[in-house]
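Visitor: Please read through the structure below; I'll follow up with questions.
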Amino acid sequence: MRRLLSVALSFVLVSTAAAHPAVAGGGGGDKPLPGYTIVNPPLAPVLVGGKPTKVVQGVHSHAGYIIEVPPRWNGRLAMWAHGYRGEGKVLTVDAPPYGLRQRWLDEGYAWAASSYYGNSYDVRAGVTTTRELATLFAQKVQRPKKVFLAGVSMGGHVIARSLEQYPGFYAGALPMCGVVGDHELFDYFLSYHLVAQTLTGIRAYPLPPDYATTVVPRIRQALAGRDDQFRALVATLSGGARPGTEAAYAYWQEFLFNLVSTPTGDTLATNPLQLATNATTRYRPNSPVDVNASVQRVRPANPVARNTWALTQIPAVQGLPSAPVVSLHGIGDLFVPFSMEQDYRDDAARFGRTHLLVQRAIRTIDHCEFSPAEVGDAWRDLTAWVDRGKRPSGDDVRRTGDPRFGCRFSDRQAIGGTRALFPAC
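Counting with mature numbering (1 follows the signal peptide of the UniProt record, and there is no 0), you get residues -24 to -1, 1 to 401 for the letters of the sequence shown.
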């Protein structure tokens, strides 16, 4: 009964948020919100079958947008969801990377991308403006037969929530390096710092104003030469022992220490750590220092935002995909860690939705480091799944200890980047 009441309440909250999207601001939606500017330079058409595409650009729902339609449109639309853009006030629009723009157009797909109506970590902005752009496409071009989603990083959070916010609207989704584990990303950032503070005996939470400039250098100096337990803890927190963890730690440790700083904003989007908690986290390995007994325990500063199912700036992802999902993730990514995939898989399992989820582990360390072949193969398999109902193969994201983990779907022909940091497959 408690579960049924919770589900019923969640639908009320979600419906209310959808009916009143937070894009209020003077005038209509054909201009940016106060304080923002939109930079959307003309995008040159490309040739498809010797004929140019049609490019439409403008402002809608306070966001810049690009729409591109091939000469022989197949009636389908692919929406691109971009990642985190920082705290600036300039809104920009991306053409899809990884060769997707040309691939989509060559296959007859139209595509559209939005700047969102705001920056910061604002998933609500991505969810609503992406959906509204699809509606605008129907007005300016024609109502599409099927609408797909693809995106990276925070765009993965946008995708996962969009599938729950608008069930039945999207036909399939391709999140890459995505924050599909929602709030757990910020739990991970919090734990990274609290564990380092525990192992060095330097307590500094809540974060003081000089945390990044004074405290972090002291922590890093204290860890130097005796960080074996910390390295192992980070591996566990980010997805478990897996190939390349030593190289990943060396690659990311300095960045992660400088990523979290004293909060400067009051909204969820500008201060995501108010959602974070480690109250029930069990740390491993727990020796030689008994971290579980000595770590500072932090509860969410904003428990209402943490626990609501409403469409907030950093909303929950329940694990209810409403369409087939093929997800890609680099196993050495410690910025948006591989554990995001495990969290999403566990969430989907609770609701019996793993039959709609295929996940692929890629042997890279940098964030969103994929080859066009890896992305193209995933897109091909996703659309074949949607059209023919045959679920493609993927990786079991719980079995990271296999020395060959990540080999199956990694591009053997790709060179450069961080791929050479992994043992040969």
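Each residue gets a CB set at the ideal place from its N, CA and C atoms; glycine is no exception.
Looking at C-alpha atoms only, which residue of 355, 316, 276, 277 is the closest neighbour of residue 300?
Guide: Within the sequence shown, residue 300 is the residue found at index 324, counting from 1. Comparing Cα-Cα distances from residue 300 to each of 355, 316, 276, 277, the minimum goes to 355.
Visitor: In three-state DSSP terms, what is residue 116?
Guide: Start at 1 with the first residue of the sequence shown, and residue 116 comes out as number 140. Residue 116 falls in the helix class under three-state DSSP.
Visitor: Where residue 396 and residue 74 are concerned, what is the direct C-alpha to C-alpha distance, given to the nearest angstrom?
Guide: Stepping through the sequence shown from its first residue, residue 396 is reached at position 420. Stepping through the sequence shown from its first residue, residue 74 is reached at position 98. The alpha-carbon atoms of residue 396 and residue 74 are separated by roughly 20 Å.
Visitor: Does the beta-carbon of residue 6 have 16 or more other beta-carbons within 10 angstroms, so that it is buried, or is it exposed?
Guide: Counting from 1 along the sequence shown, the entry for residue 6 is found at position 30. Exposed, by the Cβ-count rule.
Visitor: For residue 261, which of 149, 138, 208, 200 has the nearest alpha-carbon?
Guide: As a position in the sequence shown, residue 261 is number 285, starting the count at 1. The candidate whose alpha carbon is nearest that of residue 261 is 208.
Visitor: When DSSP builds the beta bridges, which residues end up paired with residue 68?
Guide: Taking the sequence shown and counting its residues from 1, the one referred to as residue 68 is at position 92. Looking at the DSSP assignment, residue 68 forms a beta bridge with 15.
Visitor: Just the Cα atoms here: how many angstroms apart are residue 374 and residue 307?
Guide: Here the question's residue 374 lines up with position 398 in the sequence shown. Here the question's residue 307 lines up with position 331 in the sequence shown. Distance between the alpha carbons of residue 374 and residue 307 is about 12 Å.
Visitor: Alpha carbon to alpha carbon, what distance is there between residue 48 and residue 246?
Guide: Against the sequence shown, residue 246 aligns to sequence position 270. Against the sequence shown, residue 48 aligns to sequence position 72. When rounded, the distance between both Cα atoms is 43 Å.
Visitor: Report yes or no: do the region 289 to 298 and the region 127 to 147 share at least 3 C-beta pairs separated by less than 8 Å?
Guide: The region 289 to 298 vs the region 127 to 147: in contact.
Visitor: Take residue 101 as the anchor and find which of 79, 72, 78, 141 has the nearest alpha-carbon.
Guide: Taking the first residue of the sequence shown as 1, we reach residue 101 at position 125. It is 141 whose Cα lies nearest to the Cα of residue 101.
Visitor: Please report the straight-line C-alpha distance between residue 179 and residue 63, rounded to a whole angstrom.
Guide: Counting from one through the sequence shown, the residue named residue 179 turns up at place 203. Counting from one through the sequence shown, the residue named residue 63 turns up at place 87. If you take the alpha carbons of residue 179 and residue 63, they lie about 28 Å apart.
Visitor: When the distance is taken between beta carbons, is residue 133 closer than 8 Å to residue 171?
Guide: If you number the sequence shown from 1, residue 171 lands on position 195. If you number the sequence shown from 1, residue 133 lands on position 157. Not closer than 8 Å, so no.
Visitor: For residue 228, does the three-state DSSP call read helix, strand or coil?
Guide: Position 252 of the sequence shown holds residue 228. In the structure shown, residue 228 sits in a helix (DSSP, three-state: H, G or I).
Visitor: Please confirm whether residue 29 and residue 21 have their CB atoms less than 8 Å apart.
Guide: The residue labelled residue 29 in the question sits at position 53 within the sequence shown. The residue labelled residue 21 in the question sits at position 45 within the sequence shown. Their beta carbons are under 8 Å apart, which means residue 29 touches residue 21 by this criterion.
Visitor: Less than 8 Å between the CB atoms is what I'm expecting for residue 349 and residue 400, so what's the real figure, rounded?
Guide: Locating residue 349 in the sequence shown gives position 373, counting from the first residue. Locating residue 400 in the sequence shown gives position 424, counting from the first residue. At roughly 18 Å, the Cβ-Cβ gap does not stay under 8 Å, so residue 349 and residue 400 are not in contact.
Visitor: Does residue 318 come out as helix, strand or coil in the three-state DSSP assignment?
Guide: Counting from 1 along the sequence shown, the entry for residue 318 is found at position 342. Here residue 318 sits in helix by DSSP.
Visitor: Could you spell out where the alpha helix (DSSP H) holding residue 248 opens and where it closes?
Guide: Position 272 of the sequence shown, counted from the start, is the residue given in the question as residue 248. Residue 248 -> no alpha helix (DSSP H), and no H or E assigned at all.
Visitor: Specify the secondary structure class of residue 138 as computed by DSSP and reduced to three states.
Guide: The count along the sequence shown starts at 1 and reaches residue 138 at position 162. Looking at residue 138 - three-state DSSP - the assignment turns out to be helix.
Visitor: Does the separation of the CB atoms of residue 50 and residue 97 fall below 8 Å?
Guide: Looking up residue 50 in the sequence shown gives position 74. Looking up residue 97 in the sequence shown gives position 121. Taking 8 Å as the Cβ cut-off, residue 50 and residue 97 do not qualify as a contacting pair.
Visitor: For residue 160, report the span of its alpha helix (DSSP H) as first-last.
Guide: The sequence position of residue 160 within the sequence shown is 184, counting from 1. Counting along the chain, the alpha helix (DSSP H) containing residue 160 begins and ends at 160 to 176.
Visitor: Taking the alpha-carbon positions, what's the residue 199 to residue 192 distance?
Guide: Within the sequence shown, residue 199 is the residue found at index 223, counting from 1. Within the sequence shown, residue 192 is the residue found at index 216, counting from 1. Roughly 11 Å between the two C-alpha positions.
Visitor: What number of angstroms, rounded off, separates the C-alpha of residue 45 from the C-alpha of residue 116?
Guide: Residue 45 sits at position 69 when you count from the first residue of the sequence shown. Residue 116 sits at position 140 when you count from the first residue of the sequence shown. Looking at the two C-alpha atoms, the distance is approximately 11 Å.
Visitor: Within the same chain, show all residues whose beta-carbon is closer than 6 Å to that of residue 112, passing over the 5 residues directly before and after it, in chain order.
Guide: Residue mapping note: residue 112 aligns to position 136 of the sequence shown, counting from 1. Once the five neighbours on either side are set aside, the close Cβ partners of residue 112 are 36.
Visitor: Based on the DSSP secondary-structure assignment, which residues constitute the bridge partners of residue 150?
Guide: Counting from one through the sequence shown, the residue named residue 150 turns up at place 174. Paired residue(s): 126.
Visitor: At the level of alpha carbons, what is the spacing between residue 185 and residue 121?
Guide: Start at 1 with the first residue of the sequence shown, and residue 185 comes out as number 209. Start at 1 with the first residue of the sequence shown, and residue 121 comes out as number 145. Distance between the alpha carbons of residue 185 and residue 121: 53 Å.
Visitor: Since I believe residue 337 is in contact with residue 371 (beta carbons under 8 Å), could you give me their beta-carbon distance rounded to a whole number of angstroms?
Guide: Indexing the sequence shown from 1 puts residue 371 at position 395. Indexing the sequence shown from 1 puts residue 337 at position 361. Contact flag correct, Cβ pair sits at about 5 Å.
Visitor: Here's the rule: buried if 16 or more other CB atoms are within 10 angstroms of the residue's CB, otherwise exposed. What is residue 317?
Guide: Here residue 317 refers to the residue found at position 341 of the sequence shown. When all chains shown are included, residue 317 counts as buried.
Visitor: Taking just the CA atoms, how far does residue 376 sit from residue 11?
Guide: One-based indexing of the sequence shown puts residue 11 at position 35. One-based indexing of the sequence shown puts residue 376 at position 400. C-alpha separation (whole angstroms): 45 Å.
Visitor: Identify, in the order they occur along the chain, each residue of the same chain with its Cβ nearer than 6 Å to the Cβ of residue 158, setting aside the five sequence neighbours on each side.
Guide: The sequence position of residue 158 within the sequence shown is 182, counting from 1. So the list reads 292, 293, once near-sequence residues are dropped.
Visitor: May I ask which residues mark the beginning and end of the beta strand (DSSP E) holding residue 302?
Guide: As a position in the sequence shown, residue 302 is number 326, starting the count at 1. Per DSSP, residue 302 belongs to the beta strand (DSSP E) from 301 to 306.
Visitor: Closer than 7 Å by C-beta to residue 380: which residues in its own chain qualify, once you throw out the five before and the five after it? Chain order, please.
Guide: Within the sequence shown, the letter at position 404 stands for residue 380. If we look at residue 380 and ignore the five residues flanking it on each side, its Cβ neighbours are 401.
Visitor: Suppose the cutoff is 6 Å on Cβ atoms and the five residues either side in sequence are ignored; what does the same chain contact list for residue 334 look like?
Guide: Here residue 334 refers to the residue found at position 358 of the sequence shown. The residues are 302, 368, 370.
Visitor: Going by the beta-carbon positions, is the gap between residue 93 and residue 57 smaller than 8 Å?
Guide: As a working note, residue 93 is residue 117 in the sequence shown. As a working note, residue 57 is residue 81 in the sequence shown. No, the Cβ-Cβ distance between residue 93 and residue 57 is not below 8 Å.
Visitor: In angstroms, rounded to a whole number, what distance separates the CA positions of residue 69 and residue 18?
Guide: Numbered from 1 along the sequence shown, position 93 holds the residue referred to as residue 69. Numbered from 1 along the sequence shown, position 42 holds the residue referred to as residue 18. Cα to Cα, residue 69 sits roughly 11 Å from residue 18.
Visitor: Rounded to whole angstroms, what is the Cα-Cα separation between residue 33 and residue 268?
Guide: By 1-based counting over the sequence shown, the position of residue 33 is 57. By 1-based counting over the sequence shown, the position of residue 268 is 292. Roughly 53 Å between the two C-alpha positions.
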